[in-house]
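Below is one structure, written out as structure tokens; the observations come after it.
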Amino acid sequence: MDALVTGRLIRTDGGCLALESGAPEPSIVLFPFGTALAPDGRSADVPWYGTVREGDPVDGGGGYVGPGALADDTARAALRDECGSERVVAWQQ
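For the sequence shown, the numbering used here begins at 141 and goes up steadily by one.
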């Protein structure tokens with residue numbers, strides 16, 4: 141799952157933080173352990189990176205997880221229904 145993670149942090153209509161990177165749909169961000177989300181849901185304090193806000197560019201290591209990797213149909217449906225996307229990006233240092 142090693143990949144370069146780049147894009148712009150957005151907030152989906154469902155209120156999820158996602159990465160817009162030119163793909164057909166945004167990727168919901170799986171933040172590293174220790175990340176604190178702001179109460180308003182528009183920013184996150186990432187331990188080794190600092191605070192990222194809606195609209196900020198994001199880059200680093202990690203990997204993308206396509207819908208096929210989510211074997212659980214319930215998990216896929218929940219992501220689609222709540223966040224508007226089945227794509228996930230794990231953002232790591």
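All C-beta atoms in this analysis are idealised placements derived from N, C-alpha and C, irrespective of residue type, glycine included.
Checklist entry - Are the beta-carbon atoms of Glu222 and Leu149 separated by less than 8 Å? => result no
Checklist entry - For the beta strand (DSSP E) that Tyr204 lies in, which residues bound it at each end? => result Pro197 to Val205
Checklist entry - Under a Cβ-count criterion, where at least 16 other Cβ atoms within 10 Å of its own Cβ denotes burial, should Phe171 be classed as buried or exposed? => result buried
Item to check | Nearest-angstrom Cα separation, counted from Tyr189 out to Gly147 | outcome: Between the alpha carbons of Gly147 and Tyr189 lies a gap of roughly 15 Å.
Item to check | As assigned by DSSP and simplified to three states, the class of Ala215 | outcome: helix
Checklist entry - From Leu159 to Pro179, what does the alpha carbon distance come to, in whole angstroms? => result 19 Å
Checklist entry - From this set, Val169, Ala217, Cys156 and Thr152, which residue's C-alpha is nearest Glu199's C-alpha? => result Note that residue 199 corresponds to Asp in the displayed sequence, not to Glu. Ranking the options by Cα distance to Asp199, first place goes to Val169.
Checklist entry - For Thr152, which option in Leu144, Arg182, Val145 and Ala163 has the closest C-alpha, if you only look at C-alpha atoms? => result Arg182
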